[in-house]
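K.L.:
Yeah, the sequence shown ends on 567 if you go by UniProt numbering, and it's all consecutive.
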Amino acid sequence: MAKMIPDTPRDFSPSSLEGAMFDGLSRLPDSYYVFHSFKIVSTQDGIVRESETDFVVFHPEKGLLCVEAKAGHVSYSDGLWYYGSGIEMRHGGPFEQARANMRKLMGLFEEKGLREELRNCKFLHAVWFPSVSKSEMRHVNLPSDADESIVMLKEDLLDPGEKIDRIFSLDVPSGTKTGLTAMQARRVVNRVLSPSFHLFVSSTLEIDLGKNAFRRMTEEQARIIDFLESQPSAAINGAAGTGKTVLAIEKAQRSALEKQKVLFLCFNRMLRDHLEDTHRNKYIDFRTIDGLAASLVKSDSCDPAALDERLWELCFDGAFPYQHIVVDEGQDFGQERYEEAGILETLSEIVLSRDDGTFYVFYDRMQLVQGANLPRCIENADCRITLHKNCRNTENIAITSQKPLHMKKTPLMRDGMMEGDLPTLHLIDTQADCYKAVLNAYRDCVDDGLSEIVVLTCGTLDKSALIGNVKDGRIELDGKKVLMTTCRRFKGLESDAVILVDVTERALAGTDVLLFYVGASRARFKLFIIGQLTEEECISVSKELGKASARRPRKSLATALNALLEA
Numbered sequence: 001m002a003k004m005i006p007d008t009p010r011d012f013s014p015s016s017l018e019g020a021m022f023d024g025l026s027r028l029p030d031s032y033y034v035f036h037s038f039k040i041v042s043t044q045d046g047i048v049r050e051s052e053t054d055f056v057v058f059h060p061e062k063g064l065l066c067v068e069a070k071a072g073h074v075s076y077s078d079g080l081w082y083y084g085s086g087i088e089m090r091h092g093g094p095f096e097q098a099r100a101n102m103r104k105l106m107g108l109f110e111e112k113g114l115r116e117e118l119r120n121c122k123f124l125h126a127v128w129f130p131s132v133s134k135s136e137m138r139h140v141n142l143p144s145d146a147d148e149s150i151v152m153l154k155e156d157l158l159d160p161g162e163k164i165d166r167i168f169s170l171d172v173p174s175g176t177k178t179g180l181t182a183m184q185a186r187r188v189v190n191r192v193l194s195p196s197f198h199l200f201v202s203s204t205l206e207i208d209l210g211k212n213a214f215r216r217m218t219e220e221q222a223r224i225i226d227f228l229e230s231q232p233s234a235a236i237n238g239a240a241g242t243g244k245t246v247l248a249i250e251k252a253q254r255s256a257l258e259k260q261k262v263l264f265l266c267f268n269r270m271l272r273d274h275l276e277d278t279h280r281n282k283y284i285d286f287r288t289i290d291g292l293a294a295s296l297v298k299s300d301s302c303d304p305a306a307l308d309e310r311l312w313e314l315c316f317d318g319a320f321p322y323q324h325i326v327v328d329e330g331q332d333f334g335q336e337r338y339e340e341a342g343i344l345e346t347l348s349e350i351v352l353s354r355d356d357g358t359f360y361v362f363y364d365r366m367q368l369v370q371g372a373n374l375p376r377c378i379e380n381a382d383c384r385i386t387l388h389k390n391c392r393n394t395e396n397i398a399i400t401s402q403k404p405l406h407m408k409k410t411p412l413m414r415d416g417m418m419e420g421d422l423p424t425l426h427l428i429d430t431q432a433d434c435y436k437a438v439l440n441a442y443r444d445c446v447d448d449g450l451s452e453i454v455v456l457t458c459g460t461l462d463k464s465a466l467i468g469n470v471k472d473g474r475i476e477l478d479g480k481k482v483l484m485t486t487c488r489r490f491k492g493l494e495s496d497a498v499i500l501v502d503v504t505e506r507a508l509a510g511t512d513v514l515l516f517y518v519g520a521s522r523a524r525f526k527l528f529i530i531g532q533l534t535e536e537e538c539i540s541v542s543k544e545l546g547k548a549s550a551r552r553p554r555k556s557l558a559t560a561l562n563a564l565l566e567a
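Next comes the structure, spelled out in structure tokens:
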């Protein structure tokens, strides 16, 4: 599926058939980028001028195509183009409009300083008549400023790929051939195409565009990703929400643009499935350790020793399939059975022995919930880098998630991130009250327009207060089946809203504080904390967090957690 920006069509008239064209273009391979309703705004002589291209199609290896769409009845007479209503078209008709928009886009490359990219990218234009069939087009005598080779028709709605490929195969007067490097292709997207859609990280944009939206990196992230271009191996540490997975994906995709195979290794199956669904690429293999063993050792379960032996066999046979390895949530690979076999160290040694091979590990030492120690390849890394700025959570959620960890410094927030509402603390009297509290939290989220909502338990599902309401990993709330899982399993993922349940004294001031941190830090905009604590436990936790009060223990606990107490 093509990368569609935005992921749903912008407002359009149903008669324009832009929705049908959008759906057709979305079926292009994932190597294509398609931008709907691309606007260029400029000021000349004190006058604001705006142009709009219905669709811009970009392929890093083929070029850039500006498509002007004209649905319904269209006519041409005496050198002029007309709508079915008889009104004359502006801009000299669809072909001239498409050509002019293409030139303006070329000018935008100049303005953004992408002259080298301009010289290495073929620019073409086309006109799409989605209401006209091939048989009807045979009887049309096109004017001199139009050519059938750049015309798309009704039949292309179902599968526009063949026609678009034929258009991209055409030569242009300048003789330009598309030969963008991976870095140049990324600059085209980040500096010209995405900024024109105002894809800034903000709460409203992130909710509207969804999890597949393009995100502009922070300056900190951009510096690190550029530094890694000349650094073959590094361990990158960062607290929850600092953008480790975003950077890991970016690094993998840059290598994939060069048609080099990448192993993207993560611990959690849910994270692997999410990344595979949202970032599928034929040059990137998203794997868990078990998945890697299944593909290389042909085993349903992971025997670390057998996997290590197989990796060396492939290396000695010159058949190791990967040029680059990216490890996300690297702290989870410190389990004793993986460390004894030295899996990560083996992968690092093999891939770095290849010309231009790279090995990067992204980790958070505060999310050490799967094992007791960090892997040796992290502890012994020659190059370590730390991410500091939170670019996922609201400021209040970031503060609350770190409270049980006794972090002395307020989390550094990305510029422009919202302060957000205080998280909500709901202390229930009995386990039977848990479902009602969750339902109220869910309704609060829906009223605020949030659609990505997850229920996480700080314990295990079989011991949760909600176990009687859970079926196949879902809990039914107002007729909707909402995902419910554990903090451990959801680690590495995120959601607009998190409803955290089974929160105990141990989760707030005991052995499970890391699980609370992991669960709470998954929330972007809304966090609900639901638990059953006695007044004595509230006082104990509040004292541990430095806000004890025997007179109002529940209120004291909420204040200690930077939360609002639900009455």
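Quick reminder that beta carbons are idealized off the backbone N, C-alpha and C, glycines included.
Out of H139, D147, F123 and L180, state which residue places its alpha-carbon closest to the alpha-carbon of S174.
P.N.:
Numbered from 1 along the sequence shown, position 174 holds the residue referred to as residue 174. Closest by alpha carbon: F123.
K.L.:
Residues bridged to A523 by DSSP?
P.N.:
Sequence index remark: in the sequence shown, residue 523 carries index 523 (1-based). Answer by DSSP bridge pairing, in chain order: S495.
K.L.:
By the DSSP assignment, the beta strand (DSSP E) with A126 in it spans what residues?
P.N.:
Within the sequence shown, the letter at position 126 stands for residue 126. Its beta strand (DSSP E) spans residues F123 to W128.
K.L.:
Buried or exposed for K70, going by 16 or more other Cβ atoms inside 10 Å?
P.N.:
What you label residue 70 is simply residue 70 of the sequence shown in a count that begins at 1. So K70 counts as buried.
K.L.:
To the nearest whole angstrom, what separates the beta carbons of K261 and Q331, a pair I think is in contact under 8 angstroms?
P.N.:
Position 261 of the sequence shown, counted from the start, is the residue given in the question as residue 261. Position 331 of the sequence shown, counted from the start, is the residue given in the question as residue 331. The Cβ separation is near 25 angstroms, so there is no contact.
K.L.:
For F528, which option in P423, S549, N101 and C487 has the closest C-alpha, if you only look at C-alpha atoms?
P.N.:
As a first step, residue 528 must be located in the sequence shown, where it is residue number 528. Comparing Cα-Cα distances from F528 to each of P423, S549, N101 and C487, the minimum goes to P423.
K.L.:
Under the three-state reduction of DSSP, which class applies to V297: helix, strand or coil?
P.N.:
Along the sequence shown, one-based indexing puts residue 297 at 297. Coil at V297, not helix or strand.
K.L.:
For the structure I just gave you, are there three or more beta carbon pairs, one from the region 44 to 55 and one from the region 108 to 118, closer than 8 angstroms?
P.N.:
The region 44 to 55 is not in contact with the region 108 to 118.
K.L.:
What do you reckon, are the CB atoms on R365 and L374 nearer than 8 angstroms?
P.N.:
Your numbering for residue 365 matches position 365 in the sequence shown. Your numbering for residue 374 matches position 374 in the sequence shown. Going by C-beta atoms, R365 is nearer than 8 angstroms to L374.
K.L.:
Would you call the CB atoms of E379 and N396 closer than 8 angstroms?
P.N.:
Numbered from its first residue, the sequence shown carries residue 379 at position 379. Numbered from its first residue, the sequence shown carries residue 396 at position 396. No, they are not a contact pair.
K.L.:
Report all residues from its chain with a CB closer than 8 angstroms to the CB of G24; omit the five preceding and five following residues, and keep chain order.
P.N.:
To locate residue 24, count along the sequence shown from 1; it is residue 24. So the list reads D156, L157, L158, D159 and P160, once near-sequence residues are dropped.
K.L.:
Starting from Y283, trace the alpha helix (DSSP H) in both directions and tell me its first and last residue.
P.N.:
Here residue 283 is taken as the residue at index 283 of the sequence shown, counted from 1. Premise fails: Y283 is in no alpha helix (DSSP H) and is neither H nor E.
K.L.:
Using C-beta distances below 6 angstroms, list every residue in its chain close to V326, excluding the 5 sequence neighbours before and after it, in chain order.
P.N.:
Looking up residue 326 in the sequence shown gives position 326. Contacts found: A248, K251, A252, F264 and Y360.
K.L.:
For Y83, does the count of other Cβ atoms within 10 angstroms reach 16, so buried, or fall short, so exposed?
P.N.:
Working through the sequence shown from its first residue, we reach residue 83 at position 83. Burial call: exposed.
K.L.:
I'd like to know whether the C-beta atoms of C458 and L515 end up nearer to each other than 8 angstroms.
P.N.:
On the sequence shown, position 458 is the one that residue 458 refers to. On the sequence shown, position 515 is the one that residue 515 refers to. Contact flag set, yes.
K.L.:
One question on the structure: do F267 and T288 come within less than 8 angstroms of each other, judged by their Cβ atoms?
P.N.:
Start at 1 with the first residue of the sequence shown, and residue 267 comes out as number 267. Start at 1 with the first residue of the sequence shown, and residue 288 comes out as number 288. Yes.
K.L.:
In the DSSP assignment, find the alpha helix (DSSP H) that holds Y83 and state where it starts and stops.
P.N.:
Within the sequence shown, numbered from 1, the residue matching residue 83 stands at position 83. From DSSP, Y83 is part of no alpha helix (DSSP H) but of the beta strand (DSSP E) over L80 to Y83.
K.L.:
Assign H59 to one of three DSSP states: helix, strand, or coil.
P.N.:
Position 59 of the sequence shown, counted from the start, is the residue given in the question as residue 59. Three-state result, H59: strand.
K.L.:
Going by DSSP in three states, S202 sits in which element: helix, strand or coil?
P.N.:
Against the sequence shown, residue 202 aligns to sequence position 202. Caution is warranted here: a pLDDT of 39 is assigned to S202, below 50, making its placement in the model unreliable, and the coordinate value is therefore given only provisionally. Three-state DSSP puts S202 in coil, outside helix and strand.
K.L.:
I'd like the ranges of any beta strand (DSSP E) spanning at least 3 consecutive residues and lying wholly in the region 296 to 376.
P.N.:
Listed in chain order, the complete beta strand (DSSP E) runs (minimum 3 residues) inside the region 296 to 376 are 324 to 327 and 358 to 363.
K.L.:
Can you name the residues that DSSP bridges to T386?
P.N.:
For this step, residue 386 is matched to residue 386 along the sequence shown. According to DSSP, which records beta bridges pairwise, T386 is partnered with N237.
K.L.:
Rounded to the nearest angstrom, what separates L344 and S495 at their Cα positions?
P.N.:
For the purposes of this step, residue 344 is taken as residue 344 along the sequence shown, with counting starting at 1. For the purposes of this step, residue 495 is taken as residue 495 along the sequence shown, with counting starting at 1. Rounded to the nearest angstrom, the two C-alpha atoms are 29 angstroms apart.
K.L.:
Would E313 be called buried (16 or more neighbouring beta carbons within 10 Å of its own) or exposed?
P.N.:
Position 313 of the sequence shown holds residue 313. Exposed, because fewer than 16 other Cβ atoms sit within 10 Å of the Cβ of E313.
K.L.:
Between F58 and A305, what straight-line distance do the alpha-carbon atoms span, to the nearest angstrom?
P.N.:
Walking along the sequence shown from the start, residue 58 turns up at place 58. Walking along the sequence shown from the start, residue 305 turns up at place 305. For F58 and A305, the distance between alpha carbons rounds to 45 angstroms.
K.L.:
Where do the ends of the alpha helix (DSSP H) carrying R254 lie?
P.N.:
Taking the sequence shown and counting its residues from 1, the one referred to as residue 254 is at position 254. K244 to L257 is the span of the alpha helix (DSSP H), which, as asked, contains R254.
K.L.:
Between the C-alpha atoms of R27 and A548, what's the straight-line distance to the nearest angstrom?
P.N.:
Locating residue 27 in the sequence shown gives position 27, counting from the first residue. Locating residue 548 in the sequence shown gives position 548, counting from the first residue. Each residue's Cα considered, the two are about 58 angstroms apart.
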